[in-house]
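For reference, each letter of the sequence shown is one residue, going 1 to 251 in UniProt numbering.
Backbone N, C-alpha and C define an ideal beta-carbon position, used for all residues, glycine too.
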Amino acid sequence: MAAAEDQRATSSLRRGLVALELVAQSGKDGVTVTEVAAQLALDKSSSSRILATLREAGYVRQDVNRRYFSTPRLSKLAHRRPGVLDLAGLARARLEQLHDQHDEAIHLAAVNGGEMLFLDYLQTSKAVRTEIPMVPRPIHEVAVGVAVLAAVEHGERSQLMRESLAAAHHRLSAAERKELSGQIELAQQRGWATIEHGDEVTRIAVALIDAEGSPVGGICLSGPSYRIDPMIKELARDTIAAAVEISASLR
1 MAAAEDQRAT SSLRRGLVAL ELVAQSGKDG VTVTEVAAQL ALDKSSSSRI
51 LATLREAGYV RQDVNRRYFS TPRLSKLAHR RPGVLDLAGL ARARLEQLHD
101 QHDEAIHLAA VNGGEMLFLD YLQTSKAVRT EIPMVPRPIH EVAVGVAVLA
151 AVEHGERSQL MRESLAAAHH RLSAAERKEL SGQIELAQQR GWATIEHGDE
201 VTRIAVALID AEGSPVGGIC LSGPSYRIDP MIKELARDTI AAAVEISASL
251 R
């Protein structure tokens with residue numbers, strides 16, 4: 001019983017922190033309950049309660065149009081520890097450039113233990129689009145995570161996989177492990193990773209490498225397969241180029 005309660009509390013805290021990030025990233029535009037619900041993969045009622053809690057704590061405010069914005073109090077949490085890179089800030093301009101080139105969805109994620117923590121998301125303006133929940137995901141379950149796994153040596157990959165599997169709710173079968181190994185090998189060969197979720201979405205993910213030669217995160221361009229696949233060589237080339245430039249800024 002206690003373990004279940006602890007797990008629920010941890011899950012609620014995580015969703016609250018992700019919601020806070022979404023509000024902060026929205027800047028002067030703010031976000032609605034509906035937008036937060038879509039990113040957190042929650043119903044509007046649950047998202048409304050999370051935002052109400054953040055508002056009561058003084059970290060967000062709501063305007064007359066029912067949009068949520070961050071408050072000055074949030075800046076008190078934004079102090080940087082020595083050696084911690086502002087990955088989202090360093091990557092933003094180059095992500096916007098890639099977005100301007102192709103107008104497809106792009107997201108940025110960082111390695112955080114056994115999970116990928118999504119830091120930024122640029123949506124396409126095209127009518128047919130995909131929504132990417134901005135909730136932490138086990139490394140091996142997302143394309144940016146596969147890119148990270150492909151960028152490390154076997155020993156470190158094994159450690160990351162142990163942490164990733166510990167964070168996952170689904171235990172991989174032998175067939176799924178074999179498929180994942182194939183995805184990692186293919187990513188190493190061509191310089192970018194993908195993952196198949198049976199949703200007719202094509203993902204192009206590339207790891208971001210720091211000064212120590214270790215992957216600290218990744219970027220991913222994605223969209224409907226019918227639109228991405230005919231241009232996949234060009235899109236992969238430009239996504240790799242963006243990742244190389246962002247990685248250079250980390251050194």
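If we call anything under 8 Å between Cβ atoms a contact, is residue i one with residue j?
i: Leu119; j: His99; result: no
i: Ala187; j: Ala150; result: yes
i: Val216; j: Leu250; result: yes
i: Ser164; j: His140; result: yes
i: Val31; j: Arg66; result: no
i: Ala242; j: Ile219; result: yes
i: Pro136; j: Leu117; result: yes
i: Ser222; j: Glu104; result: yes
i: Thr130; j: Val201; result: yes
i: Ala147; j: Glu115; result: no
i: Ala248; j: Ile195; result: no
Residue i: buried (16+ other C-beta within 10 angstroms of its C-beta) or exposed?
i: Ser125; result: exposed
i: Tyr226; result: exposed
i: His79; result: Caution applies to His79, whose pLDDT of 44 falls short of 50 and renders its modelled position unreliable; the value that the coordinates give is listed next. Looking at its Cβ environment, which holds fewer than 16 other Cβ atoms inside 10 Å, His79 is exposed.
i: Pro230; result: exposed
i: Ala127; result: exposed
i: Thr34; result: exposed
i: Ser47; result: buried
i: Arg203; result: buried
i: Leu13; result: exposed
i: Val111; result: buried
i: Gln39; result: buried
What are the start and end residues of the alpha helix (DSSP H) that includes residue i?
i: residue 252; result: The question about residue 252 has no answer, for the chain in this structure spans 1 to 251.
i: Asp238; result: 232-249
i: Glu96; result: 87-102
Check the C-beta distance from residue i over to residue j and give it rounded, since I have them as a contact under 8 Å.
i: Leu208; j: Ile184; result: In fact, because the Cβ distance is near 17 Å, the residues do not count as touching under 8 Å.
i: Ser70; j: Val36; result: Not really, about 13 Å apart at Cβ, beyond 8 Å.
i: His107; j: Leu235; result: With 8 Å as the limit, His107 and Leu235 do not qualify as a contact, their Cβ atoms being about 14 Å apart.
i: Gly16; j: Leu54; result: 7 Å
i: Ile240; j: Gly191; result: 5 Å
Under 7 Å: does the beta carbon of residue i sit that close to some heavy atom of the ligand PLP?
i: Glu156; result: Summarising the ligand content, the structure contains no ligands, and the ligand PLP is consequently not present.
In chain order, each beta strand (DSSP E) run of at least 3 residues that lies wholly inside the segment 110-174: Taking only runs of at least 3 residues, the beta strand (DSSP E) segments lying wholly in the segment 110-174 are 115-122.
Continuous alpha helix (DSSP H) assignments of at least 4 residues falling wholly in the UniProt domain "HTH iclR-type" (10-72): Whole alpha helix (DSSP H) segments, 4+ residues: 33-40, 44-56.
Beta strand (DSSP E) runs contained entirely in the segment 188-219, provided each spans 3 or more residues: Considered as a whole, the segment 188-219 harbours 201-209 as its complete beta strand (DSSP E) runs of no fewer than 3 residues, in chain order.
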